[in-house]
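There are 2 protein chains.
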Amino acid sequence: MAISSDLGDLRRTHYSSELSEGMDGQDVTVMGWLLTVRGHGSITFATICDRDGEVPIVAKKGGECPDEVREALSSLKAHSSVAVRGTLRASPKAPRGFEVVPAELRIFSRVQKIPPFEPVAKTVKNIDTRLEARPIDLRRSVLQHTFKMRSRILRAVRDYFEREGFIEINTPKIISSATEGGAALFSIFYYDKPAFLAQSPQLYKEQLTMSFEKVFEIAPIFRAEASRTPRHLSEAISIDLEEAFVDYNDVMDRIASLVRESADAARSYLDGAKEVAGGDVPLAVPEIPDTIPRHTYGSLVDRLQGAGAKTQWGDDLYPSDLKRLGLDGFYFIVDWPLGPKPFYVKESKGGSGDAGGEQRQRTSESFDLMCGELEISSGSTRIERREDLESRMRAKGMNVDSFEYHLGAFDYGAPPHAGCGIGLERLLMALTGTANIRDATFYPRDVDRLVP
Amino acid sequence: MAISSDLGDLRRTHYSSELSEGMDGQDVTVMGWLLTVRGHGSITFATICDRDGEVPIVAKKGGECPDEVREALSSLKAHSSVAVRGTLRASPKAPRGFEVVPAELRIFSRVQKIPPFEPVAKTVKNIDTRLEARPIDLRRSVLQHTFKMRSRILRAVRDYFEREGFIEINTPKIISSATEGGAALFSIFYYDKPAFLAQSPQLYKEQLTMSFEKVFEIAPIFRAEASRTPRHLSEAISIDLEEAFVDYNDVMDRIASLVRESADAARSYLDGAKEVAGGDVPLAVPEIPDTIPRHTYGSLVDRLQGAGAKTQWGDDLYPSDLKRLGLDGFYFIVDWPLGPKPFYVKESKGGSGDAGGEQRQRTSESFDLMCGELEISSGSTRIERREDLESRMRAKGMNVDSFEYHLGAFDYGAPPHAGCGIGLERLLMALTGTANIRDATFYPRDVDRLVP
Chain U
1 MAISSDLGDL RRTHYSSELS EGMDGQDVTV MGWLLTVRGH GSITFATICD
51 RDGEVPIVAK KGGECPDEVR EALSSLKAHS SVAVRGTLRA SPKAPRGFEV
101 VPAELRIFSR VQKIPPFEPV AKTVKNIDTR LEARPIDLRR SVLQHTFKMR
151 SRILRAVRDY FEREGFIEIN TPKIISSATE GGAALFSIFY YDKPAFLAQS
201 PQLYKEQLTM SFEKVFEIAP IFRAEASRTP RHLSEAISID LEEAFVDYND
251 VMDRIASLVR ESADAARSYL DGAKEVAGGD VPLAVPEIPD TIPRHTYGSL
301 VDRLQGAGAK TQWGDDLYPS DLKRLGLDGF YFIVDWPLGP KPFYVKESKG
351 GSGDAGGEQR QRTSESFDLM CGELEISSGS TRIERREDLE SRMRAKGMNV
401 DSFEYHLGAF DYGAPPHAGC GIGLERLLMA LTGTANIRDA TFYPRDVDRL
451 VP
Chain V
1001 MAISSDLGDL RRTHYSSELS EGMDGQDVTV MGWLLTVRGH GSITFATICD
1051 RDGEVPIVAK KGGECPDEVR EALSSLKAHS SVAVRGTLRA SPKAPRGFEV
1101 VPAELRIFSR VQKIPPFEPV AKTVKNIDTR LEARPIDLRR SVLQHTFKMR
1151 SRILRAVRDY FEREGFIEIN TPKIISSATE GGAALFSIFY YDKPAFLAQS
1201 PQLYKEQLTM SFEKVFEIAP IFRAEASRTP RHLSEAISID LEEAFVDYND
1251 VMDRIASLVR ESADAARSYL DGAKEVAGGD VPLAVPEIPD TIPRHTYGSL
1301 VDRLQGAGAK TQWGDDLYPS DLKRLGLDGF YFIVDWPLGP KPFYVKESKG
1351 GSGDAGGEQR QRTSESFDLM CGELEISSGS TRIERREDLE SRMRAKGMNV
1401 DSFEYHLGAF DYGAPPHAGC GIGLERLLMA LTGTANIRDA TFYPRDVDRL
1451 VP
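Now the structure itself:
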């Protein structure tokens, strides 16, 4: 039967990338979704899209293709899921030098609804329109490349951890108390107990340096921040690392390596994709300098004040401030004021504070990795002694007792340690030039969006 | 100063595994936690444990080691976090042919509390005792090996997916409705909306085959099952794969490869670890047969009935049933009854049901991967057409409208697809012989346990 609707025993023989004019006359089976169909009376042109690219299909009346197949093909709408078994024919007129002439067609799923945008649309104005039809939005070329690049970056990150002797961990996402001692947590009913979704694996990854020394986790984190910005998600993926017997300077060195290797992986993906697509890939990976600059918090406050800003020591640095200073590309801001930092962040020893002059206030061994105005990562040296943790908690007005499950670990001797969390979606934004964080994840969650 | 308490600029020069008697006379800095300390008046023996193994420390009165260092060392308790800078001395009497004579000691954290078990304990009777002191429990040799093996297995699994052209995805863990249409979900307050924690990435991974064809995700899943057994967790890691243009037979082939490569990775880790530890690693990896046997559900029911059991067609198969049949090692149970299967599971075509005779009832293109009585994975061919999904949902009494966010995707043409989820902790149990699933994860969550 030349037309049917079930996969049965038919399997793809080639991806689009595996076809070439040199295979003239060969029997091939291709599968995918229809990008375009155009019937001109006695001839039908179609394009099937698969994971790797496009396959041109040509069905002529009176040719090798059965009439019923040509007619069925021309009746289909874009996005339909199909398989074509047929003969590859070299064709100098075709963009890639060949086309496939169908002998058999399988129609797995017909399109029931007019899609809200064209599959070849380079941009679609309203992101909500796209998110409502995310399964076909993700078929668009720019998102295909973004997410394939994301997969490669994750691979590069894990390669780095593997090579450097880190152990992969998983820590619980359902927790009994707030890590950072505060707000922005989602509440959950855990059987008969109140519980929360973890904002970070912080306390667990710290504990695990006691037994595994160097650990990493790549997993979801949850933040109940009602921010409507292009850089906040309520559910995101965090690349966390934590290491014993090092301080925040060592961690910054690691981050610099991770960013460089991620960029290399992204660039290598793009080079390959451009070769296949003939240069038409609308993404670009920035160059990463050999040394990522480190600016102390104090020096930036000085510069802001010098430029007439009202910023005071202790204030946060806002995107508008960083823009004002013309900070661009990747850079670290180090040695933040101690006060606002979480209880587990270590205070700087004398001299490690402001590079620009006397140390005006207590600073911490902490850093943010920025790309322009976008915060990508935050990290620090952590406190390894229980009494120091408790005194910081009390200074912050936290309930020490509710953290006994964590503080108890420090009774058994914790090593000095340091670490950071890197926002995967934000790293991807910086490496691909993606403007909205919702396009750096598959199904974004924010204050307004719980579906699809 | 020969004794201090801060890491400062001191860094480890060697891991224990990098030291050997050939380095006689060399200055080394080692760091870790104290496994043992024994003072005999004028001589103190200590063992420092790091990520790779043990370093013997010997401090003699009147030798190279300053008295104050020897005394401070002998005052320490096991588990304390320390660094020793000193000289490596070849010593034929020492187990590995060398020892380190300290010149300088740093004491980062002193132990404040008597640990509830010895760090060298091979077994500890009460698992709750261990879980309450998990950071030091994880220092015990058997758990060190289990979790390092776990990290290697994850690596092998991802290598397989990479090689086979799968894209890594992440799907939302906060969802608006129940995937399997039912119970066992944790409820959550999502801003002003009710929501749930995802039991599986099922619907999202299915949708993503429309754009990426072959996808995988390794991420937490959440099940509110109040089961108190050695094989249930409320939060676990699921290895999910989903693939377009294949059926459940192809997926079983993939699982067989994944299990084989995971076992190879585990075995290769064990071989290396045994070399370092001199054979003393209490874990063993089973042989995986070239072909993992496939038993139809129907044939097992026939065998049970033949053995006098009361099992009826349509009943679940319980561990006791499988034990009765003497099923051992890895095997698949295929072609389960359709009725109890989730709405997205595809019905078998005629002839694919019971191999033992006529098809007595409707079966599904589904399988479970078992290891003895332990279910490791569950998978199936999925339905690709909206009308078929809806009719299955209605037959199961589900609210079709509340799944519009998912069903809507099928209006745009979904490919035939199939997939499975593999429980990482259960796979690890099967590959290491770990008896309790709580020791196949770092910080288990169950109906009774939310901390640490």
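Protein chains in written order, with my numbering: chain U, 1 to 452; chain V, 1001 to 1452.
By construction, the Cβ of each residue, glycine as well, lies at the ideal position given by its N, Cα and C atoms.
So, using beta-carbon positions, are residue i and residue j closer together than 8 angstroms?
| i | j | result |
| --- | --- | --- |
| residue 221 (chain U) | residue 238 (chain U) | yes |
| residue 248 (chain U) | residue 381 (chain U) | yes |
| residue 259 (chain U) | residue 288 (chain U) | yes |
| residue 445 (chain U) | residue 234 (chain U) | yes |
| residue 241 (chain U) | residue 65 (chain U) | no |
| residue 1207 (chain V) | residue 1223 (chain V) | no |
| residue 1072 (chain V) | residue 1003 (chain V) | yes |
| residue 69 (chain U) | residue 106 (chain U) | no |
| residue 1530 (chain V) | residue 1426 (chain V) | One cannot answer for residue 1530 (chain V) here, as it falls past the ends of chain V, which runs 1001 to 1452. |
Does any residue of chain V have a CB that is nearer than 8 angstroms to the CB of residue i?
| i | result |
| --- | --- |
| residue 102 (chain U) | no |
| residue 346 (chain U) | no |
| residue 384 (chain U) | yes |
| residue 419 (chain U) | no |
| residue 253 (chain U) | no |
| residue 379 (chain U) | no |
| residue 415 (chain U) | yes |
Starting from residue i, follow the alpha helix (DSSP H) in both directions and report where the run begins and ends.
| i | result |
| --- | --- |
| residue 1405 (chain V) | 1404 to 1407 |
| residue 1410 (chain V) | Where residue 1410 (chain V) is concerned, there is no enclosing alpha helix (DSSP H), given that its DSSP letter is neither H nor E. |
| residue 1268 (chain V) | 1248 to 1277 |
| residue 1432 (chain V) | 1424 to 1432 |
| residue 1395 (chain V) | 1386 to 1395 |
Give the DSSP-derived three-state secondary structure of residue i in the structure shown.
| i | result |
| --- | --- |
| residue 134 (chain U) | helix |
| residue 285 (chain U) | coil |
| residue 302 (chain U) | helix |
| residue 1212 (chain V) | helix |
| residue 1146 (chain V) | helix |
| residue 1319 (chain V) | helix |
| residue 1451 (chain V) | coil |
| residue 22 (chain U) | helix |
| residue 1129 (chain V) | helix |
| residue 173 (chain U) | coil |
| residue 1418 (chain V) | strand |
| residue 151 (chain U) | helix |
Please list, in chain order, all residues of the same chain as residue i whose beta carbon is under 7 angstroms from its beta carbon, the five residues on each side excluded.
| i | result |
| --- | --- |
| residue 14 (chain U) | 28 and 30 |
| residue 1094 (chain V) | 1056 |
| residue 1036 (chain V) | 1046, 1047 and 1078 |
Examine chain U for any beta-carbon lying closer than 8 angstroms to the beta-carbon of residue i, and answer yes or no.
| i | result |
| --- | --- |
| residue 1298 (chain V) | no |
| residue 1328 (chain V) | no |
| residue 1190 (chain V) | yes |
| residue 1171 (chain V) | yes |
| residue 1118 (chain V) | no |
| residue 1111 (chain V) | yes |
| residue 1232 (chain V) | no |
| residue 1451 (chain V) | yes |
| residue 1401 (chain V) | no |
| residue 1155 (chain V) | yes |
| residue 1208 (chain V) | yes |
| residue 1406 (chain V) | yes |
| residue 1367 (chain V) | no |
Cutting at 8 angstroms between CB atoms, please list the residues of its own chain near residue i, excluding the five before and the five after it.
| i | result |
| --- | --- |
| residue 305 (chain U) | 311 |
| residue 1174 (chain V) | 1188, 1190, 1195, 1196, 1197 and 1198 |
| residue 1134 (chain V) | 1442, 1443 and 1452 |
| residue 1385 (chain V) | 1410 and 1414 |
| residue 171 (chain U) | 198, 201, 204, 205, 208, 217 and 219 |
Kindly indicate the opening and closing residues of the beta strand (DSSP E) around residue i.
| i | result |
| --- | --- |
| residue 1027 (chain V) | 1027 to 1040 |
| residue 1240 (chain V) | 1235 to 1244 |
| residue 1072 (chain V) | Here residue 1072 (chain V) belongs to no beta strand (DSSP E); instead the alpha helix (DSSP H) covers 1067 to 1074. |
Going by beta carbon distance, what residues of the same chain come within less than 6 angstroms of residue i, once the five residues before and after it are set aside?
| i | result |
| --- | --- |
| residue 294 (chain U) | 332 and 334 |
| residue 213 (chain U) | 244 |
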